[in-house]
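Sequential numbering of the sequence shown, starting at 4, is according to this note's numbering. Beta carbons are placed, not taken as given, at the ideal position from N, Cα and C, and that holds for glycine. Note that the coordinates shown come from a computational prediction; the quantities given were computed from them, not determined experimentally.
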Amino acid sequence: RMQDVLPPSTVALLDEKLAATHRDGVFRTFEYELPIDNQTRSYEGRLGRLPSGRLVLLVRDITRRVQAQQALRRREAEFASILSHIPGAVYRTGPPPGFQPSFISAGIEELTGYSVEHFLDRHEPSFLDLIVAEDRHVYLEGIPAAVDRRQPYLLEYRIRQRDGAVIHIQDRGQGLFDAQGRCTGTEGVNFDITQRKLLEQEFLQAQKMEAIGQLAGGVAHDFNNLLQAIVGHTTLALADLPPGSDAAQHMDKVQLAAERAARLTRHLLAYSRRQLLQREALDPEHLIRESLDLLKRMLGERIEIDFHCRGEIPVIEADPSQVEQILFNLCINARDAMPEGGTIRVELAGEEVSATRGTELGLDAAGNYLRLSIADTGVGMDREVLARIYEPFFTTKPPGSGTGLGLSMVYGSLRQHGGVIHASSQPRKGSRFDLYFPAATQHVRPAGQHLATPESPNTATILVAEDDPLVSTLMTDILEAAGHRVLCARDGRQALEVFDEHAETVDLAILDLVMPHLGGPEVLEKMRERRPGLAGILVTGYAPSTNDDSEWILNKPFTAERLREAVRLGLLRATTDHR
């Protein structure tokens, strides 16, 4: 009897099928398992009723088929698990022209926001509908062209996700062909490359800004030479004119205009990172609080300032005047973006930046940084404006309302301090600027601190090396008028030749930082090989940051008084060093 050889569950199943078949005569197929010789074997039963009314049951062993099906399901599960860990979405499509998807991995949901079933069941929107309209030709033309050439394809286009966000996609795949060479479909994988595209754009922007910075620095250097001649000769002319005369008043206006032009070149030099920084150890909280107190009167009653600090605020090594100027520029811009009034939020925080985060921000190294954030509730900026805000002379303000150098100065100054600035903004949602300064590792001596000292010699022999004739003539006139003897050279090589002839009598060397053949620092080094301790002054239209305290730096444009004072201090230092 069946009850003696079959498990109760199988007997119950068979009784059910027998009763149903006896009642309606319909053939039925069912499967069951039996334990035989410590193994589970699978069987298929086919039950039917003959014309005579007798029931017939056919049984066959389907163990191998079931085992094959189970193995296939395991492989499918393993394959699905592997695909779930592959970034992006793996796909296979049917033949052209539609290339309808026949398989898509689960990664499509993260990529688009829509499920696998959405695309396989051909719901709207289709994958093609998600591609940004301007990029659809890349997809529609790229895949058929590659299939026709029997070559793999590598496409890049943008899609709009379910939540409206736009991301960049890299589509890498190939055509599938049958034995007759007919295309049966495609297979490939889609990757989200949005982060890579952003990094590429930031890199290209950095290269662009570097190129503009080099140009701006060169222009500022040459312009400073012209300003130097204007400022210097104006000073000399004023000394010979009666105070209050019409001519003296005109010269005062010339000097005022030259000083305004000099401020513009300082902005250009800050942008190009060629401005001399007077670094010192700063308490950022104290400096920002004092600066904001001054700003409140400038910003007006409609602007509210919300300042707070988060956690421990690190000390930084920075030029305090540059930090103040950065804060002023950003807060003035924020005020201008809020004509009806609003709030400027200023925040200080210490932040430990990882290597990955540092790369995203464009920092040179990981480590501890001070973050200064300035946010407003103003009109905001669109993507096109945001991409150009650091370009010199780019401004959205009306003519006469701005030079377009404020943010370029901020950008350059941050880079010169070893930090970065990151801007985010949306139209009608305000703007936010995050500035990162490296935290100080040690205190530095505040710049410009000198002890009171006795007077320097009244007259001296001074070697002047300057490749610009206007500036060289001006310095010669000023120094000779002060009673000094002046020896002139037009470049670094000639400066060494003149020095060799007068090595024992030269008291001070005034050298342009950048000259043909040899620059000022190289020339001074060679002079000191023969005359150790020789006093030196480096004159420059721009000056890189330097920790070398062995000579003075005199920035162009300078006044006659500033040159005379630098010479006095240079000679005094030489005298003091030899005591």
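Query - Runs of alpha helix (DSSP H) lying entirely within the segment 56-101, each at least 4 residues, in chain order - result: 66-88
Report task. Determine the DSSP secondary structure at R348, reduced to helix, strand or coil. Result -> Taking the sequence shown and counting its residues from 1, the one referred to as residue 348 is at position 345. Looking at R348 - three-state DSSP - the assignment turns out to be strand.
Query raised in the report: In the structure shown, what three-state DSSP assignment does I329 receive?
Result: Here residue 329 corresponds to residue number 326 of the sequence shown, with the count starting at 1. Three-state DSSP puts I329 in a helix.
Query raised in the report: Roughly how many whole angstroms lie between the Cα atoms of G247 and G345?
Result: As a first step, residue 247 is located in the sequence shown; it is residue number 244 there, counting from the start. As a first step, residue 345 is located in the sequence shown; it is residue number 342 there, counting from the start. Spanning the two alpha carbons is a distance of roughly 47 angstroms.
Query raised in the report: Where do the N-terminal and C-terminal ends of the beta strand (DSSP E) with H311 fall, by residue?
Result: Here residue 311 is taken as the residue at index 308 of the sequence shown, counted from 1. Looking at the DSSP string, the run of the beta strand (DSSP E) that includes H311 is 306-313.
Query - Nonlocal neighbours in the same chain, by C-beta distance under 8 angstroms from L417, ignoring five residues either side - result: As a position in the sequence shown, residue 417 is number 414, starting the count at 1. I329, V423, I424, L438, Y439, F440, listed in sequence order.
Report task. Look at the Cβ atom of K529, then the Cβ atom of L499, and state whether they are nearer than 9 angstroms. Result -> If you number the sequence shown from 1, residue 529 lands on position 526. If you number the sequence shown from 1, residue 499 lands on position 496. Yes, the Cβ-Cβ distance between K529 and L499 is below 9 angstroms.
Report task. Determine the DSSP secondary structure at S427, reduced to helix, strand or coil. Result -> In the sequence shown, the residue the question calls residue 427 occupies position 424. Strand, per DSSP.
Query raised in the report: With DSSP run on the structure shown, which of helix, strand or coil describes S129?
Result: The count along the sequence shown starts at 1 and reaches residue 129 at position 126. Three-state DSSP puts S129 in coil, outside helix and strand.
Report task. Using three-state DSSP, classify Q419 as helix, strand or coil. Result -> Here residue 419 refers to the residue found at position 416 of the sequence shown. In this structure, Q419 counts as helix in the three-state DSSP scheme.
Query raised in the report: I think V413 touches T399, with their Cβ atoms under 8 angstroms apart; what is that distance to the nearest whole Å?
Result: Counting from 1 along the sequence shown, the entry for residue 413 is found at position 410. Counting from 1 along the sequence shown, the entry for residue 399 is found at position 396. Wrong, their Cβ atoms sit about 16 angstroms apart, outside the cutoff.
Query raised in the report: In terms of alpha-carbon separation, which member of T96, Q173, R95 lies closest to Q198?
Result: Numbered from 1 along the sequence shown, position 195 holds the residue referred to as residue 198. Considering only alpha carbons, the answer is Q173.
Report task. Measuring only between beta-carbons, confirm whether Y94 sits less than 9 angstroms from chain C. Result -> Included in the structure is just one protein chain, with no chain C present.
Query - E469 (DSSP reduced to helix, strand or coil) - result: Working through the sequence shown from its first residue, we reach residue 469 at position 466. E469: coil per DSSP, three-state reduction.
Query raised in the report: What is the rounded straight-line gap between the Cα of P155 and the Cα of E190?
Result: Start at 1 with the first residue of the sequence shown, and residue 155 comes out as number 152. Start at 1 with the first residue of the sequence shown, and residue 190 comes out as number 187. Cα-Cα distance, rounded: 10 angstroms.
Query raised in the report: Assuming L410 contacts D510 under a Cβ cut-off of 8 angstroms, what Cβ separation, rounded to an integer in Å, is found between them?
Result: As a first step, residue 410 must be located in the sequence shown, where it is residue number 407. As a first step, residue 510 must be located in the sequence shown, where it is residue number 507. The Cβ separation is near 45 angstroms, so there is no contact.
Report task. Tell me, please, which residues DSSP counts as bridged to R186. Result -> On the sequence shown, residue 186 is found 183 positions in, with the first residue counted as 1. Arg is not the amino acid found at residue 186; the sequence shown has Cys there. According to DSSP, C186 shares a beta bridge with F180.
Query raised in the report: Within 10 angstroms of its Cβ, does D551 collect 16 or more other Cβ (buried), or is it exposed?
Result: Numbered from 1 along the sequence shown, position 548 holds the residue referred to as residue 551. The pLDDT assigned to D551 is 45, lower than 50, so where the model puts this residue is not dependable; a value taken from the coordinates is nonetheless given after this. Answer is exposed; the Cβ neighbour count stays below 16.
**Report entry** Identified DSSP bridge partners for H140
**Finding:** Along the sequence shown, one-based indexing puts residue 140 at 137. The partner list for H140 (beta bridge, DSSP) is empty, contrary to what the question assumes.
Query raised in the report: Leaving out the 5 sequence neighbours to the left and right, which residues in its chain are closer than 7 angstroms to V59 when beta-carbon positions are compared?
Result: Residue mapping note: residue 59 aligns to position 56 of the sequence shown, counting from 1. Contacts found: G51, L53.
Query - Nearest candidate by alpha-carbon position, reference E81, set S108, D166, V62 - result: Here residue 81 is taken as the residue at index 78 of the sequence shown, counted from 1. Of the listed residues, the one whose Cα sits closest to E81 is S108.
Requested in this report: Report the three-state DSSP secondary structure of V119 (helix, strand or coil).
Outcome: Your numbering for residue 119 matches position 116 in the sequence shown. Note: V119 maps to helix in three-state DSSP.
**Report entry** Whole-number beta carbon distance between I308 and L295, since they are thought to touch under 8 angstroms
**Finding:** Position 292 of the sequence shown holds residue 295. Position 305 of the sequence shown holds residue 308. L295 to I308, Cβ: 6 angstroms. Contact.
Query raised in the report: How big is the Cα-Cα spacing for L244 and P323?
Result: Here residue 244 corresponds to residue number 241 of the sequence shown, with the count starting at 1. Here residue 323 corresponds to residue number 320 of the sequence shown, with the count starting at 1. Rounded to the nearest angstrom, the two C-alpha atoms are 38 angstroms apart.
Requested in this report: Using 10 angstroms around the beta-carbon of D286, count the other beta-carbons present and answer buried if the total reaches 16, otherwise exposed.
Outcome: Taking the first residue of the sequence shown as position 1, residue 286 is located at position 283. Exposed, because fewer than 16 other Cβ atoms sit within 10 Å of the Cβ of D286.
Query - Start and end residues, alpha helix (DSSP H) containing G523 - result: Taking the sequence shown and counting its residues from 1, the one referred to as residue 523 is at position 520. Looking at the DSSP string, the run of the alpha helix (DSSP H) that includes G523 is 523-533.
Query raised in the report: Out of G361, A265, R152, L158, which has the shortest C-alpha to C-alpha gap to Q231?
Result: Mapped onto the sequence shown, residue 231 falls at position 228. For Q231, the nearest C-alpha among the options comes from A265.
**Report entry** CA-to-CA distance, D27 to L143, given in whole angstroms
**Finding:** Working through the sequence shown from its first residue, we reach residue 143 at position 140. Working through the sequence shown from its first residue, we reach residue 27 at position 24. Taking the straight line from one Cα to the other gives about 57 angstroms.
Query raised in the report: Among the residues of its own chain, which have a CB less than 7 angstroms from the CB of E355, if the five just before and after it don't count?
Result: One-based indexing of the sequence shown puts residue 355 at position 352. Closer than 7 angstroms at the Cβ level, and outside the excluded window around E355, lie N371.
Requested in this report: Enumerate in chain order the residues of its own chain whose CB-to-CB distance from L572 is below 6 angstroms, with the five nearest sequence positions on each side excluded.
Outcome: Counted from its first residue, the sequence shown places residue 572 at position 569. So no residue of the chain qualifies.
Requested in this report: Note down, in chain order, each residue of its chain lying with its Cβ closer than 8 angstroms to the Cβ of E112, except the 5 sequence neighbours on either side.
Outcome: Counted from its first residue, the sequence shown places residue 112 at position 109. Hits under 8 angstroms: S118, V119.
Requested in this report: Indicate whether V349 and L375 have their beta-carbon atoms separated by less than 9 angstroms.
Outcome: As a working note, residue 349 is residue 346 in the sequence shown. As a working note, residue 375 is residue 372 in the sequence shown. Yes, the pair counts as a contact, with Cβ atoms nearer than the cut-off.
Query raised in the report: Which first and last residues belong to the beta strand (DSSP E) in which A538 is found?
Result: Along the sequence shown, read from residue 1 onward, the residue named residue 538 stands at position 535. Per DSSP, A538 belongs to the beta strand (DSSP E) from 538-543.
**Report entry** Simplified DSSP state of L375, which is helix, strand or coil
**Finding:** By 1-based counting over the sequence shown, the position of residue 375 is 372. In the three-state reduction of the DSSP assignment, L375 falls in the strand class, which pools E and B.
Query raised in the report: Between the segment 485-500 and the segment 513-529, do at least 3 Cβ pairs fall closer than 8 angstroms?
Result: yes
Query raised in the report: Mind checking I377: buried by the 16 CB within 10 Å criterion, or exposed?
Result: Here the question's residue 377 lines up with position 374 in the sequence shown. The residue in question, I377, is buried, as its Cβ has 16 or more Cβ neighbours within 10 Å.
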